[in-house]
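Numbering (this note's numbering), first residue to last: 5 to 609.
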């Protein structure tokens with residue numbers, strides 16, 4: 005819904021004789037029939053009033069300028085509608101009633117408007133709660149319109165809940181907000197919610213055109229389209245821009261004047277820039293960009309318009325009827341359709357992604373002109389690059405064929421360039437019947453055959469056999485991964501090992517990522533993929549436990565040896581601190597892993 009309807013200059017709102025009123029106030033809707041773009045809400049209210057199912061509170065939400073406050077006033081007028089023949093709530097407000105004038109001007113004693121942005125506290129809400137018990141002075145309902153309700157404090161919302169849930173029969177609440185997510189759900193659940201939509205650009209153009217005709221102002225169609233796009237769905241913003249444009253043009257509104265006033269780029273020149281970029285013509289693209297910048301266009305705005313036209317071309321490819329949009333210029337319709345029939349979706353998607361990344365770069369750069377030029381250079385450079393499927397198709401027919409026979413991808417043979425490269429073939433324009441398409445829109449020059457050295461054969465890594473956990477430890481040692489070798493010996497209990505598969509259990513102190521690390525390292529060390537899984541079966545001893553057991557047995561055997569026993573008996577206090585066994589690997593490491601009690605102040609053996 006807009007804050008400007010189709011009512012004539014002589015609406016319910018009047019001003020002093022000769023005083024100028026801005027268009028947004030002069031053409032403010034005064035009844036539901038003058039609202040634009042909010043048909044679902046009007047239909048719901050019409051049915052509710054017709055059946056007598058009138059809510060006790062409404063929540064109006066939407067972006068700025070779509071008409072929340074205006075709707076609240078029209079709704080208050082409908083609730084208190086009274087004429088000589090009608091004395092009940094009605095949505096048919098074609099005949100002004102007793103209270104209509106005062107309500108629409110915001111001066112009715114029973115329609116209280118409050119701006120929550122400046123009345124946020126519990127005291128303001130307590131004042132409302134104290135007054136709701138009293139009946140209206142002259143109207144049917146006492147209506148409270150609270151704008152920007154999301155600005156109320158938590159205490160204020162809590163104080164309003166009880167009254168909002170069970171208000172007196174003569175009280176209605178109408179809330180308006182642009183930040184619906186900031187309104188507590190307890191408040192929302194007690195209101196009938198209406199989401200006011202952005203107004204379509206085509207509807208705005210029609211609306212602005214009718215107002216310009218009533219004002220006797222000459223306005224270019226392109227100028228109206230630019231104003232509608234700049235308003236972004238807000239009727240109030242569109243009328244404010246139109247007001248400014250009328251003053252800027254001394255009573256006439258031209259496209260050039262609006263473009264200069266808003267700092268916009270010429271839409272036709274944006275299309276020229278798009279064409280230069282799609283052709284890969286860097287020099288022409290930079291020259292066109294500089295020309296637009298010199299006439300006052302903002303660098304980020306140029307790229308934004310470029311992205312919008314790219315989106316339009318993509319949309320026209322799938323929805324040709326989108327060209328009927330009233331906000332589009334004739335150049336956008338005609339040339340956009342031409343590009344849509346020439347460029348592939350992959351190319352358009354790639355351009356869109358690059359622009360989405362480039363626009364924030366320009367906006368945040370200390371040198372926006374240079375940043376924008378670099379974005380255009382990247383786009384033009386990408387124009388020479390075929391997409392993946394195009395490159396593959398070109399490779400199929402890259403070699404020369406005898407007698408000029410057609411190639412595998414349907415492209416005609418070039419007798420003078422039989423050895424053309426894949427890139428050169430990918431640059432050829434697509435035929436009208438389909439086939440490969442690229443961003444290149446012009447005929448490419450023949451490319452001389454280039455020597456491409458044959459790739460060197462790559463020797464496959466030999467598969468290393470692994471039959472036990474000890475083999476994996478040996479691989480860790482061979483690859484000088486000592487830390488992982490220690491983890492394998494201390495934390496892994498083998499359950500089952502097969503070629504390409506390893507089932508294990510882990511000790512309590514094992515790292516969480518040990519199995520993932522083991523999988524990747526086995527793949528790298530053995531040259532094959534491994535499935536390493538955590539088994540539910542009980543695993544065997546870890547290698548560290550096995551070595552400890554083996555050393556303990558060795559110590560026990562050593563003590564039982566007659567020679568060692570004789571030495572220990574000959575030297576009281578002597579202890580065995582190490583046993584050297586030739587077939588035990590990594591003795592030094594084993595010594596480090598198995599702590600041995602030192603023999604303090606005793607002889608050692």
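Glycine included, each C-beta is placed from N, C-alpha and C at the ideal position.
Small disclaimer: the values here were computed from a predicted structure and weren't measured.
(request) Give the DSSP-derived three-state secondary structure of residue 34 in the structure shown. (result) Position 30 of the chain shown holds residue 34. Of the three classes helix, strand and coil, the one that applies to residue 34 here is coil, per DSSP.
(message) Any contact between the stretch 79-96 and the stretch 140-151? By contact I mean 3 or more CB pairs, one from each, below 8 Å.
(response) Counting Cβ pairs under 8 Å, three or more are found: they touch.
(request) Tell me whether residue 240 is buried or exposed, calling it buried when 16 or more other Cβ atoms sit within 10 Å of its Cβ. (result) As a working mapping, residue 240 is identified with position 236 in the chain shown. Counting Cβ neighbours within 10 Å, residue 240 comes out buried, since at least 16 surround it.
(message) Whether or not the stretch 538-558 and the stretch 495-505 are in contact is what I'm after, with contact meaning three or more pairs of Cβ atoms, one per stretch, closer than 8 Å; do they touch?
(response) Yes, since at least three Cβ pairs between the stretch 495-505 and the stretch 538-558 fall closer than 8 Å, the two stretches touch.
(message) Between which two residues does the beta strand (DSSP E) holding residue 182 run?
(response) Residue mapping note: residue 182 aligns to position 178 of the chain shown, counting from 1. Careful: residue 182 lies outside any beta strand (DSSP E) and carries neither H nor E.
(request) Would you list the residues sitting across from residue 61 in a DSSP beta bridge? (result) In the chain shown, counting from the first residue as 1, residue 61 sits at position 57. Residue 61 is bridged by DSSP to 177.
(request) Sort out for me which residues DSSP pairs residue 535 with in a bridge. (result) Indexing the chain shown from 1 puts residue 535 at position 531. Answer is 505, bridged to residue 535.
(message) Within 10 Å of its beta-carbon, does residue 99 have 16 or more other beta-carbons around it, so buried, or fewer, so exposed?
(response) Start at 1 with the first residue of the chain shown, and residue 99 comes out as number 95. Exposed, by the Cβ-count rule.
(message) Going by DSSP in three states, residue 389 sits in which element: helix, strand or coil?
(response) Sequence index remark: in the chain shown, residue 389 carries index 385 (1-based). DSSP, read as helix, strand or coil, puts residue 389 in coil.
(message) Quick check for students: name the residue ranges of the beta strand (DSSP E) that lie wholly in the stretch 334-389, counting only runs of 3 or more.
(response) As far as the stretch 334-389 is concerned, it has no whole beta strand (DSSP E) run of at least 3 residues.
(message) Relative to the C-alpha of residue 509, which candidate in 483, 576, 481 and 547 has its C-alpha closest?
(response) One-based indexing of the chain shown puts residue 509 at position 505. The residue with the shortest Cα to Cα distance from residue 509 is 547.
(request) For residue 53, count neighbouring C-beta atoms within 10 Å of its own C-beta (all shown protein chains included) and say buried if the count is 16 or more, exposed if not. (result) Along the chain shown, read from residue 1 onward, the residue named residue 53 stands at position 49. Residue environment analysis places residue 53 among the buried positions, since at least 16 neighbouring C-beta atoms fall within 10 angstroms of its C-beta.
(request) Rank 495, 578 and 181 by C-alpha distance to the C-alpha of residue 199 and give the top, closest one. (result) Within the chain shown, residue 199 is the residue found at index 195, counting from 1. Among 495, 578 and 181, the Cα nearest to that of residue 199 is on 181.
(message) Whole angstroms are fine: how far does the CA of residue 42 sit from the CA of residue 153?
(response) As a working mapping, residue 153 is identified with position 149 in the chain shown. As a working mapping, residue 42 is identified with position 38 in the chain shown. Going by the C-alpha atoms only, they are around 21 Å apart.
(message) Just checking: is the beta-carbon of residue 549 within a distance shorter than 7 Å of some beta-carbon in chain C?
(response) Within the model displayed, chain C is absent; a lone protein chain is all it includes.
(request) Output the boundary residues of the alpha helix (DSSP H) element that contains residue 541. (result) In the chain shown, residue 541 corresponds to position 537, counting from 1. Taken as a continuous stretch (DSSP letters only), residue 541 belongs to no alpha helix (DSSP H), as it is neither H nor E.
(message) Rounded to the nearest angstrom, what separates residue 73 and residue 151 at their Cα positions?
(response) Numbered from its first residue, the chain shown carries residue 73 at position 69. Numbered from its first residue, the chain shown carries residue 151 at position 147. Taking the CA atoms as reference points, residue 73 sits about 7 Å from residue 151.
(message) In the DSSP output, which residue or residues are listed as bridge partners for residue 500?
(response) For this step, residue 500 is matched to residue 496 along the chain shown. For residue 500, which the question treats as bridged, DSSP gives the partners 507.
(message) Rounded to the nearest angstrom, what separates residue 506 and residue 534 at their Cα positions?
(response) By 1-based counting over the chain shown, the position of residue 506 is 502. By 1-based counting over the chain shown, the position of residue 534 is 530. Looking at the two C-alpha atoms, the distance is approximately 7 Å.
(request) Mind the definition here: the stretch 558-565 touches the stretch 511-531 only if three or more C-beta pairs lie below 8 Å; say whether that holds. (result) At 8 Å Cβ cutoff, the stretches do not touch.
(message) In the DSSP assignment, the beta strand (DSSP E) including residue 115 goes from what residue to what residue?
(response) As a working note, residue 115 is residue 111 in the chain shown. Where residue 115 is concerned, the enclosing beta strand (DSSP E) stretches over 115-119.
(message) For residue 314, count the other beta carbons within 10 Å of its own beta carbon; 16 or more makes it buried, fewer makes it exposed. Which is it?
(response) As a position in the chain shown, residue 314 is number 310, starting the count at 1. Counting the other Cβ atoms within 10 Å of the Cβ of residue 314 gives 16 or more, which makes it buried.
(request) State yes or no: is the C-beta of residue 369 within less than 7 Å of the C-beta of residue 271? (result) The residue you call residue 369 lines up with position 365 of the chain shown. The residue you call residue 271 lines up with position 267 of the chain shown. Between residue 369 and residue 271, the C-beta spacing is not below 7 Å.
(request) Can you give me the start and stop residues for the alpha helix (DSSP H) that residue 321 sits inside? (result) Counting from 1 along the chain shown, the entry for residue 321 is found at position 317. Per DSSP, residue 321 belongs to the alpha helix (DSSP H) from 303-322.
(message) Using the three-state DSSP reduction, which class does residue 240 fall into: helix, strand or coil?
(response) To locate residue 240, count along the chain shown from 1; it is residue 236. Residue 240: helix per DSSP, three-state reduction.
(request) Pull up the distance between the alpha-carbon of residue 138 and that of residue 168, whole angstroms please. (result) The residue labelled residue 138 in the question sits at position 134 within the chain shown. The residue labelled residue 168 in the question sits at position 164 within the chain shown. In a straight line, the C-alpha of residue 138 is about 15 Å away from that of residue 168.
(message) Please report the distance separating the alpha-carbon of residue 56 from that of residue 94.
(response) The residue labelled residue 56 in the question sits at position 52 within the chain shown. The residue labelled residue 94 in the question sits at position 90 within the chain shown. Rounded to whole angstroms, residue 56 to residue 94 spans 10 Å at the Cα level.
(message) Taking 7 Å as the limit between beta carbons, can you name the residues of its chain near residue 483, skipping five residues before and five after?
(response) Position 479 of the chain shown, counting from 1, holds the residue named residue 483. The residues are 529.
(message) Restricting to Cα atoms, I'd like to know which of 357, 337 and 173 is closest to residue 136.
(response) Against the chain shown, residue 136 aligns to sequence position 132. Among 357, 337 and 173, the Cα nearest to that of residue 136 is on 173.
(message) Using the Cβ count rule (16 or more neighbours within 10 Å means buried), how would you classify residue 504?
(response) Residue numbering aside, residue 504 sits at position 500 when the chain shown is read from its first letter. With fewer than 16 Cβ atoms within 10 Å of its Cβ, residue 504 is classed as exposed.
(request) For residue 250, I'd like the list of residues in its chain whose CB is within less than 7 Å of its CB, leaving aside the five on either flank, ordered along the chain. (result) Within the chain shown, the letter at position 246 stands for residue 250. Once the five neighbours on either side are set aside, the close Cβ partners of residue 250 are 221 and 257.
(request) Go ahead and label residue 469 buried or exposed: buried means 16 or more other beta carbons lie within 10 angstroms of its beta carbon, across all protein chains shown. (result) Position 465 of the chain shown, counted from the first residue, corresponds to residue 469. Burial call: exposed.
(request) Count the other C-beta atoms from every protein chain shown that fall within 10 angstroms of the C-beta of residue 488, then say buried if there are 16 or more, exposed otherwise. (result) Here the question's residue 488 lines up with position 484 in the chain shown. By the 10 Å Cβ count, residue 488 comes out buried.
(message) Let me check one thing: in DSSP terms, what residues is residue 149 bridge-paired to?
(response) Locating residue 149 in the chain shown gives position 145, where the first residue counts as 1. Note: residue 149 sits in a beta bridge opposite 117 and 178.
(request) List the residues that DSSP assigns as beta-bridge partners of residue 196. (result) As a working note, residue 196 is residue 192 in the chain shown. Residue pairing from DSSP places residue 196 in a beta bridge opposite 62.
(request) Please classify residue 90: is it buried, with 16 or more other beta-carbons within 10 angstroms of its beta-carbon, or exposed? (result) As a first step, residue 90 must be located in the chain shown, where it is residue number 86. Residue 90 comes out exposed.
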